[in-house]
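The structure appears right after this line, and notes come after that.
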Amino acid sequence: MRSVDYRDADRIVTLLTARHGKLAFIARGARRSKKRFGGALQPFAVLGVEVTLRGSQLGTLLRAEVSRAFPTLLGDLDRLAVGYAMLELLAELSPERQADAGIFALALEALAALDAAELSPLPLLLAFELRLVALAGFAPNLQSCGGCGKRPGPEQAALFDPRRGHLVCRDCGGARERLSARARGALGAALAQDWKPLLLADWAGPGELTSLRQAIERFVEHRIGKSLKSLPWSPSEAQANEEPCDEG
Ligand SMILES: [Zn+2]
């Protein structure tokens, strides 16, 4: 997930592992000899590794080999930007030293999908965000008003409050993010781990997708208590959505 220089010759790498969750290791000599780990210490690869684990201390990475690479992802700036946003969110939400098979499988599936040229990266990012928050145990409630419990009809749009993480009906004061019935259906499917409706939806325009992402990303940032640095928003998108937000 991440690799930073350490001392003169080493690197510290953070891996998402199948058996131990998120873990950091020291890769000794990684900067002195490029041959030692080859290209295996770059983000976005599935690796086979040999490590030593040392309780709560930093373990050592002894050997790493790329077992699966994602060349289409690595060769496309838009896909890379989405990929870094996915890795940042994974790093935030993966439990340390604790295996999570669902999160590990989602990470693999997301890299493969991002490497598939026919899938567009921004709907993938949105679907990934929803699936990951659901696996991490804090899915937003897109089914009913958090104030009175009223459920919008299946064909009805609804208002979503990203800070509170639930719908708010007009009687309860409303909220600023409007979710169309179609959007609620697709977001709900992603929360249930099915990202096809979000990927296949023929969105009215990039604006609809952008505002959906901002609603979900605000929700995630509020829950984790910090802003995510790698979200690929273009400055114009960010500005267009900077109206003041009434928290009520
Ligand atoms: Zn209500």
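Going by our numbering, 26 is the number at position 34 of the sequence shown; the sequence numbering is gapless.
We put the beta carbon where it would ideally sit given N, CA and C, even for glycine.
Remember, it's a predicted structure, so these values are computed and weren't measured experimentally.
A distance below 6 Å between beta-carbons, with the five flanking residues on each side excluded, links residue 14 to the following residues of its chain, in chain order: 8, 86, 88. Counting along the chain, residue 96 sits inside no beta strand (DSSP E); it lies in the alpha helix (DSSP H) bounded by residues 93 to 106.
Restricting attention to 202, -2, 0, the CA atom closest to the CA of residue 113 is found in 202. Straight-line spacing of the CA atoms in residue 126 and residue 36 works out to 23 Å. Note on geometry: alpha-carbon atoms of residue 17 and residue 147 lie some 50 Å from one another. Between the alpha carbons of residue 45 and residue 167 lies a gap of roughly 48 Å. Residue pairing by DSSP places residue 202 opposite no residue, since no beta bridge is assigned to it. In this structure, the straight-line span from the alpha carbon of residue 97 to that of residue 21 is close to 31 Å. In this structure, the C-beta of residue 180 stays at least 6 Å away from each heavy atom of ligand 1. Around the beta carbon of residue 55, fewer than 16 other beta carbons sit within 10 angstroms, so the residue counts as exposed.
Cβ neighbours of residue 151 within its own chain (closer than 8 Å, five residues either side excluded): 159, 160, 161, 162, 166, 167, 168, 169, 170, 171.
Contact check for residue 135 and residue 143: beta-carbon distance about 6 Å, within the 8 Å limit, so the pair qualifies. Assigned with DSSP and collapsed to three states, residue 209 falls in helix.
At a cut-off of 6 Å, the beta-carbon of residue 221 does not count as near ligand 1: no heavy atom of the ligand is closer than that. Taken from the Cβ of residue 163, at least one heavy atom of ligand 1 lies inside 6 Å.
Not one heavy atom of ligand 1 sits closer than 6 Å to the Cβ of residue 199.
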